[in-house]
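> Chains as they are written, first to last, in UniProt numbering: chain A, 1 to 335; chain B, 1 to 335. All C-beta atoms, glycine included, are put in the ideal place defined by N, C-alpha and C. Small disclaimer: the values here were computed from a predicted structure and weren't measured.
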């Protein structure tokens with residue numbers, strides 16, 4: 001059955017089962033505001049276009065849905081916010097199978113369900129190109145909002161988890177004949193990292209623990225997520241804060257199998273520029289950073305420090321590789 | 001200059017001037033929550049596709065932007081909510097003139113500015129089809145939320161203003177040779193009604209006045225906006241409330257020039273099914289409805305009543321026209 005067989009209203013009715021029943025049927029959805037009184041609203045939005053941001057060649061509808069939801073929840077995590085819900089605007093071709101649309105919503109709901117986040121309505125319209133537009137909103141504490149421009153000279157740069165795994169998973173999906181030296185479990189882990197990334201919504205609570213144990217009030221945290229790559233995140237935080245950074249290549253958390261498979265040069269390239277690992281990159285005073293890394297546990301790690309000069313340098317304490325300047329421009333450019 | 005000349009980042013930077021500077025540059029936007037403590041969050045979303053919902057043939061970029069913003073604010077008005085902000089997800093062809101994108105944002109900002117509503121960020125991506133996705137946020141009082149399913153037997157049905165004017169404006173834009181009997185001012189009024197509709201965000205405060213003067217607490221109001229047509233709105237409210245309705249054709253507020261130009265049959269057809277007038281259709285107890293209409297002033301009017309049987313009937317108290325059953329199905333159907 002195709003979307004054109006069902007019509008817009010029929011499709012919308014089918015999708016109602018993914019929303020809490022009490023929000024169905026009005027011009028907007030009402031959300032009880034359960035956040036503390038002093039909190040603020042945090043909003044983020046993403047548009048994904050068929051053939052540009054997802055493709056049936058590498059992504060099932062359910063995976064596209066999961067990834068779309070995860071990317072938006074990751075943006076909330078990167079602001080230190082707690083999710084309240086998302087809205088979904090779907091523009092869809094008439095010749096799209098209804099199964100595909102339902103798979104998309106099932107994937108979104110599976111990801112959102114992990115974080116108790118509802119779909120609070122949306123819109124379905126016809127279009128010559130399938131396009132998914134998600135807006136996620138949450139609440140945050142003004143006292144502990146994570147902002148890119150908050151970094152200061154001397155801050156330690158904390159990375160919350162592995163980098164390069166999502167890029168490795170994409171490679172294995174595109175070229176199943178590659179990576180034969182990897183164990184079946186490792187292959188699966190890489191593919192899952194790409195298909196079902198986990199937004200780091202758990203980090204907010206860990207930061208509160210750090211704050212309590214440090215008795216510093218408020219705890220200043222700069223940061224963003226690494227969805228566009230680790231190098232991009234570090235460069236953006238440094239630029240927004242009017243600083244630079246120095247990163248030690250040996251400290252970047254990479255799955256050991258990545259280096260064994262690809263060699264160090266390619267592994268570090270994928271870790272820095274592969275993107276879509278959806279970890280957080282956080283900058284905070286070194287003492288707080290050490291407490292944070294202790295609570296994050298491995299593979300969370302301090303990878304470097306914020307510096308005064310505006311460049312971002314990748315260094316090798318073993319002296320094997322020359323210093324290298326990192327930039328955003330090696331990353332993916334649209335248009 | 002085309003979007004492809006500027007690139008995604010260059011375009012985003014140009015669009016920053018339409019956002020409050022304090023929200024720029026993070027993974028999400030933070031909004032201070034200035035609403036009363038007991039209020040709830042109201043969210044609504046719309047997707048507009050080039051060639052389906054707007055077209056350069058009838059709509060300048062600025063008008064498309066105004067209309068997109070107005071439609072979302074109208075949804076907030078239809079919930080009895082006060083706007084907090086919108087996000088804009090733009091999917092755009094590389095060969096789109098940058099002027100067009102800036103015109104779109106200028107139109108949105110012009111409409112939003114009337115209602116002191118900021119653009120709280122968004123996303124810009126490339127796509128084969130220009131697509132605008134807007135999510136609007138507002139706050140509302142749980143005590144006086146307008147819901148479709150709230151209507152009860154005997155409620156009066158109030159329409160807040162003229163219907164048919166937007167459809168008339170579209171006709172004059174598509175066929176400038178028509179409507180020669182209309183004065184230049186009337187032509188302009190119809191065209192403005194289509195190009196620059198005004199969401200009825202003023203009605204919320206009027207309803208509060210009604211509530212105060214009635215000393216009924218809480219005031220029960222059912223309703224929605226008439227963006228998909230007056231007939232559609234009445235049918236949807238009746239269906240959601242498990243009731244029917246009877247409408248008197250002589251009471252439907254139509255611009256007098258509409259009937260003079262088109263004759264009564266076509267005029268009432270456009271008033272009922274033309275759509276995009278962005279007025280509110282509200283159902284409330286007759287006594288409250290009369291107070292509301294007094295405060296709304298003309299052309300606000302009571303057009304009929306909620307009935308027990310499930311049909312929606314259009315009647316003629318003068319006995320010239322036969323009774324006619326109204327349905328949603330004559331309205332615009334996607335796919």
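How is residue 40/B classed by DSSP in three states: helix, strand or coil?
Residue state, collapsed to three classes: strand.
> Would residue 332/A be called buried (16 or more neighbouring beta carbons within 10 Å of its own) or exposed?
Note that residue 332/A scores 40 on pLDDT, short of 50, meaning its location in the model is unreliable; the coordinates nonetheless yield the value given after this. With fewer than 16 other Cβ atoms within 10 Å, it is exposed.
> Determine the burial state of residue 99/B: buried for a count of at least 16 other Cβ atoms within 10 Å of its Cβ, exposed for fewer.
Under this definition residue 99/B is an exposed residue.
> What does residue 141/A touch in chain B if you count any residue whose Cβ is under 9 Å from its own?
Neighbours of residue 141/A on chain B: none; closest Cβ ~10 Å, over 9 Å.
> Fully enclosed by the UniProt domain "PurM-like C-terminal" (154 to 310) of chain B, which alpha helix (DSSP H) runs are 4 residues long or longer?
Counting only runs of 4 or more, we get 165 to 174, 184 to 195, 203 to 214, 230 to 240, 256 to 262, 264 to 273 and 286 to 296.
> Does the Cβ of residue 126/B have 16 or more other Cβ atoms within 10 Å, making it buried, or fewer, making it exposed?
The residue is buried, with at least 16 neighbouring Cβ atoms inside 10 Å.
> Considering Cα atoms alone, identify which of 51/B, 23/B and 286/B is closest to residue 145/A.
Nearest option by C-alpha distance: 23/B.
> Between which two residues does the beta strand (DSSP E) carrying residue 123/B extend?
First-last of the beta strand (DSSP E) with residue 123/B: 119 to 126.
> Measuring only between beta-carbons, confirm whether residue 284/B sits less than 8 Å from chain A.
Judged by the 8 Å Cβ criterion, residue 284/B is not in contact with chain A.
> Once DSSP output is grouped into helix, strand and coil, what is the label at residue 333/A?
Low per-residue confidence applies at residue 333/A: pLDDT is 39, beneath 50, and the placement is therefore not dependable, though the value from the model is reported in the following sentence. It is coil, neither helix nor strand.
> Consider the Cβ of residue 120/A: report whether some Cβ of chain B lies at a distance smaller than 8 Å.
Closer than 8 Å: yes.
> By DSSP's criteria, residue 133/A is part of a beta bridge. Which residues make up the other side?
Residue 133/A is bridged to 47/A and 89/A.
> Between the Cα of residue 223/A and those of 12/B, 28/B, 267/B and 276/B, spot the shortest distance and give me the residue it belongs to.
Of the listed residues, the one whose Cα sits closest to residue 223/A is 28/B.
> Should residue 199/A be labelled buried (16 or more other beta-carbon atoms within 10 Å of its own) or exposed?
Counting Cβ neighbours within 10 Å, residue 199/A comes out buried, since at least 16 surround it.
> When the Cα atoms are used, what is the spatial distance from residue 295/B to residue 251/B?
In a straight line, the C-alpha of residue 295/B is about 17 Å away from that of residue 251/B.
> From the DSSP output, which residues share a beta bridge with residue 152/B?
Answer is none; residue 152/B lacks a bridge partner.
> What separation, rounded to the nearest whole angstrom, lies between the Cα atoms of residue 313/B and residue 302/B?
When rounded, the distance between both Cα atoms is 15 Å.
> When the Cα atoms are used, what is the spatial distance from residue 203/B to residue 66/B?
Between residue 203/B and residue 66/B, the C-alpha separation is close to 20 Å.
> Answer with yes or no whether the minimum CB distance from residue 76/A to chain B is below 8 Å.
So yes, residue 76/A belongs to the interface.
> For residue 29/A, which three-state DSSP category applies?
Here residue 29/A sits in strand by DSSP.
> Helix, strand or coil for residue 147/B? Go by DSSP, reduced to three states.
Residue 147/B falls in the strand class under three-state DSSP.
> Below 8 Å on the Cβ atoms is my contact criterion, and I expect residue 134/A with residue 88/A to pass it. Report the Cβ-Cβ distance as a whole number of Å.
Confirmed, about 6 Å.
> Should residue 95/B and residue 71/B be called a contact, given that it needs their Cβ atoms to be closer than 8 Å?
Contact: no.
> Tell me which residue opens and which closes the alpha helix (DSSP H) that residue 101/A is part of.
Run containing residue 101/A: 98 to 114, per the alpha helix (DSSP H) assignment.
> How would you label residue 227/B, buried or exposed, when you count the other beta carbons within 10 angstroms and need 16 or more for buried?
So residue 227/B ends up on the buried side.
> Just how far apart, CA to CA, sit residue 335/A and residue 4/B?
Reliability fails at residue 335/A, whose pLDDT of 39 lies under 50, so the model's placement of it is uncertain and the value that follows must be treated cautiously. Between residue 335/A and residue 4/B, the C-alpha separation is close to 6 Å.
> Residues in its own chain within less than 7 Å of residue 187/B by CB, not counting five upstream and five downstream?
Cβ within range, chain order: 172 and 179.
> For residue 43/A versus residue 91/B, is the C-beta spacing smaller than 8 Å?
No, these two residues do not count as a Cβ contact at 8 Å.
> Output yes or no for whether 8 Å exceeds the beta carbon distance between residue 68/A and residue 132/A.
Their beta carbons are under 8 Å apart, which means residue 68/A touches residue 132/A by this criterion.
> Please report the Cβ distance between residue 40/B and residue 30/A, rounded to the nearest whole angstrom; I am assuming they are in contact, meaning their Cβ atoms lie under 8 Å.
Contact holds; Cβ gap of about 5 Å.
> Counting contacts by CB-CB distance shorter than 8 Å, is residue 37/B in contact with chain A?
So yes, residue 37/B belongs to the interface.
> Give the residues of chain A in contact with residue 129/B, contact being defined as C-beta atoms less than 9 Å apart.
Chain A residues near residue 129/B: 49, 91, 127, 128, 129 and 131.
> So, is the C-beta of residue 334/A closer than 8 Å to a C-beta in chain B?
Note that residue 334/A scores 36 on pLDDT, short of 50, meaning its location in the model is unreliable; the coordinates nonetheless yield the value given after this. Yes, contact with chain B.
> What distance in whole Å lies between the Cβ atoms of residue 327/B and residue 235/B, which are believed to be in contact at a cut-off of 8 Å?
Confirmed, Cβ separation roughly 6 Å.
> I want to verify the contact list: residues of chain C whose CB lies under 7 Å from the CB of residue 52/A, in sequence order.
No chain C appears in the structure shown, which is made up of the protein chains A and B.
> Could you work out which residues of chain B lie near residue 33/A, taking near to mean beta carbons separated by less than 9 Å?
Here the neighbours are 33, 35, 37, 38, 39, 40, 41 and 139.
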